[in-house]
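Start counting the sequence shown at 1115; every next residue gets the next number (my numbering). Where a beta carbon is used, it is the ideal one built from N, C-alpha and C, also for glycine.
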Amino acid sequence: MSQAPHGRMPTIFHDTRDLTPFREGYVRTPVRGLTDGVNDVLSGVLTGRDHARLTVTGNIPRLKMLSSKTAKAMHEAVFTSTEPDRLLAFGRMNPGWAGLCHVMAGLLAYKHGGFLRASELLQRGLTTRIDDDASQFSAMYLGQVVTKVEVAERIEVPVLFSEESVFLALSHCLREMGMTEAALEAVVTLPPSLPSALARCTAAYSLGRHRDVVLWTEGLLNTDDLSAALLLIRARSQRARGDFESAQVALREVLRRRKTNLALKNDALTDRALLALDQGRRTLTPRSKRPAPPAELETLEVIRKDAEMRRLWENDFRQLGGE
1115 MSQAPHGRMP
1125 TIFHDTRDLT
1135 PFREGYVRTP
1145 VRGLTDGVND
1155 VLSGVLTGRD
1165 HARLTVTGNI
1175 PRLKMLSSKT
1185 AKAMHEAVFT
1195 STEPDRLLAF
1205 GRMNPGWAGL
1215 CHVMAGLLAY
1225 KHGGFLRASE
1235 LLQRGLTTRI
1245 DDDASQFSAM
1255 YLGQVVTKVE
1265 VAERIEVPVL
1275 FSEESVFLAL
1285 SHCLREMGMT
1295 EAALEAVVTL
1305 PPSLPSALAR
1315 CTAAYSLGRH
1325 RDVVLWTEGL
1335 LNTDDLSAAL
1345 LLIRARSQRA
1355 RGDFESAQVA
1365 LREVLRRRKT
1375 NLALKNDALT
1385 DRALLALDQG
1395 RRTLTPRSKR
1405 PAPPAELETL
1415 EVIRKDAEMR
1425 RLWENDFRQL
1435 GGE
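Shown next, in the form of structure tokens:
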């Protein structure tokens, strides 16, 4: 694991880029999920686009006047397909474009919730080399394609077409399939950002790598809902390690910002209650600490258990001897 120049662990959540592919993330709730689905259908009707197609910010980019027939066919396949098969058929007819076709087909399958097929298509696309024409088409027309990726439980982030959108979608597919190690490997090489940090720490927490989660999130503050969700994972890892005081500090930071999403605040309050139970306390106030039992009572309890075990052993011995 790489170290920072001054011996400290490099943060995985602080993105120093001026322009990032991430739009504002949000917390998915049953009500919000329903309204988002209705909004997608309504916006599709109003704009004349099928909501089952790939999502695009703004209008679909127009083709250049002197575009080749292959580019025109790819443009139509990307922006009008509702099923991955059309893109796959185009890739079979144009081997130099096959890698890009598989990636776009994988993102389309991911949008429809087909995690197994999406993971297969994305992995195949990432390992297939594309020619210069396909690369130029990707840079010119696909920058407005948006994929809504779940980077942690109930946390979704719209991501413009990029390395991040593909690998984060692949990581989510692998998590859903129970391949958590592979899901973690899919995001470890991504540039630092809160969405990739959430995906990375979610996988690491599931694997029981709590020390890594704590090191990766050192110094994190609650600046938005994504950082609040990451602090919740940090607090749970600290609790799993038995570091109750630090877990309490992380949960207090989640609750500090007034505009933190209500669902995240409720999770933090629940975690505080569980933290109190772990410590044998009714609350987290200093007065609520349960006093340790006197040494004499502990000794008497051990003596009682020993006497009971000896009585049971003697009964069994008598039965074996026929008495």
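- Rounded separation between M1254 and L1389 - CA only: 51 Å
- Query: Hey, is the stretch 1163 to 1179 in contact with the stretch 1326 to 1344, meaning 3+ C-beta pairs nearer than 8 Å?
  - Reply: Fewer than three pairs of CB atoms, one per stretch, sit closer than 8 Å, so the stretch 1163 to 1179 makes no contact with the stretch 1326 to 1344.
- Message: Closest to R1372 by C-alpha separation, out of W1330, G1210, N1336, would be which residue?
- Response: N1336
- Item | Pick from A1300, L1312, F1251, F1193 that is closest to Y1140, judged by C-alpha positions | That would be L1312, whose Cα lies nearest to the Cα of Y1140.
- Query: Rounded to a whole number of angstroms, what is the C-alpha to C-alpha distance between E1290 and M1179?
  - Reply: 43 Å
- Message: Using C-beta distances below 7 Å, list every residue in its chain close to G1210, excluding the 5 sequence neighbours before and after it, in chain order.
- Response: I1244, D1245, D1247, A1248
- Message: Let me confirm a value: M1218 is counted as buried when at least 16 other C-beta atoms fall within 10 Å, else exposed. Which label applies?
- Response: buried
- Run through DSSP, which three-state label would F1127 get? For F1127, the secondary structure class from DSSP, reduced to helix, strand or coil, is coil.
- Message: Using only CA atoms, which one of G1292, M1293, F1281 lies nearest to A1300?
- Response: F1281
- Message: Assuming K1186 is part of the alpha helix (DSSP H), what are its boundary residues?
- Response: 1183 to 1194
- What residues in its chain sit with their C-beta under 8 Å from that of I1347, if we drop five residues either side in the sequence? A1266, L1312, C1315, T1316, Y1319, V1327, T1331
- Query: Do you know offhand how far S1360's Cα is from P1305's?
  - Reply: 27 Å
- Task: Taking T1316 as part of the alpha helix (DSSP H), name the residues at either end of that continuous run.
- Result: 1308 to 1320
- Message: In whole angstroms, give me the CA-to-CA distance for L1414 and A1377.
- Response: At L1414 the pLDDT is 47, less than 50, meaning the model places this residue with poor confidence and gives no usable figure here.
- Helix, strand or coil for K1373, going by three-state DSSP, please let me know. coil
- In angstroms, rounded to a whole number, what distance separates the CA positions of Y1224 and T1184? Rounded to the nearest angstrom, the two C-alpha atoms are 25 Å apart.
- Task: Since I believe A1296 is in contact with T1261 (beta carbons under 8 Å), could you give me their beta-carbon distance rounded to a whole number of angstroms?
- Result: Not quite, the Cβ-Cβ distance comes to about 19 Å (not below 8 Å), so this is no contact.
- DSSP-derived helix/strand/coil call for L1414: The predicted model places L1414 with a pLDDT of 47, which falls under 50 and marks its position as unreliable, so this point remains unresolved.
- Which residues bound the beta strand (DSSP E) around T1261? In this chain, the beta strand (DSSP E) harbouring T1261 covers 1259 to 1266.
- Message: Please classify Q1352 as buried or exposed, where buried requires at least 16 neighbouring CB atoms within 10 angstroms.
- Response: buried
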